[in-house]
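Written out below as structure tokens is the structure these notes cover.
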Amino acid sequence: MKQGQNIARLGRLMPLVAALITSAFPILGADPPGTPATRTFQVKGAIRRLVPEGNVLVIKHEEIPGYMAAMTMPLEV
Numbered sequence: 018m019k020q021g022q023n024i025a026r027l028g029r030l031m032p033l034v035a036a037l038i039t040s041a042f043p044i045l046g047a048d049p050p051g052t053p054a055t056r057t058f059q060v061k062g063a064i065r066r067l068v069p070e071g072n073v074l075v076i077k078h079e080e081i082p083g084y085m086a087a088m089t090m091p092l093e094v
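The sequence shown stops at residue 94 when you use this note's numbering, and every number in between is there.
See the structure below:
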């Protein structure tokens with residue numbers, strides 16, 4: 018087999034190798050590289066509006082220090 022054929026075969030196998038490596042992360046209990054860590058915040062807010070046809074709540078919440086200013090925003094549920 019020629020070197021060019023080996024490279025072509027390797028190129029066809031790369032998507033399979035990438036899929037296998039990616040699917041192993043949950044099994045190994047690790048997040049894929051670049052996945053942000055989960056953060057939890059306690060914050061007070063009030064539901065301002067319900068949009069049933071879009072499964073949306075419009076919520077007004079206080080500032081989340083170091084993360085987000087106080088605002089009113091839609092939240093899909």
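Here a beta-carbon is modelled for each residue, glycine too, at the ideal position from N, C-alpha and C.
It should be emphasised that the depicted structure is a prediction, and the values quoted were computed from it without experimental measurement.
Quick one: what's got a C-beta closer than 8 Å to residue i's C-beta in the same chain, skipping five residues either side?
{"i": "Phe58", "result": "Ile81, Tyr84"}
{"i": "Asn72", "result": "Glu93, Val94"}
{"i": "Arg56", "result": "Tyr84"}
{"i": "Val68", "result": "Leu74, Val75, Pro91"}
Skipping 5 residues on each side, what residues in its chain have a beta carbon closer than 7 Å to that of residue i?
{"i": "Val60", "result": "His78, Glu79, Ile81"}
Mind checking who residue i pairs with in its DSSP beta bridge?
{"i": "Thr89", "result": "Lys77"}
{"i": "Met63", "result": "Residue identity check: residue 63 is Ala in the sequence provided, not Met. DSSP, once it has assigned bridges, lists Lys77 as partnering Ala63."}
{"i": "Val68", "result": "Val73"}
Among the residues of its own chain, which have a CB less than 6 Å from the CB of residue i, if the five just before and after it don't count?
{"i": "Val75", "result": "Arg65, Arg66, Pro91"}
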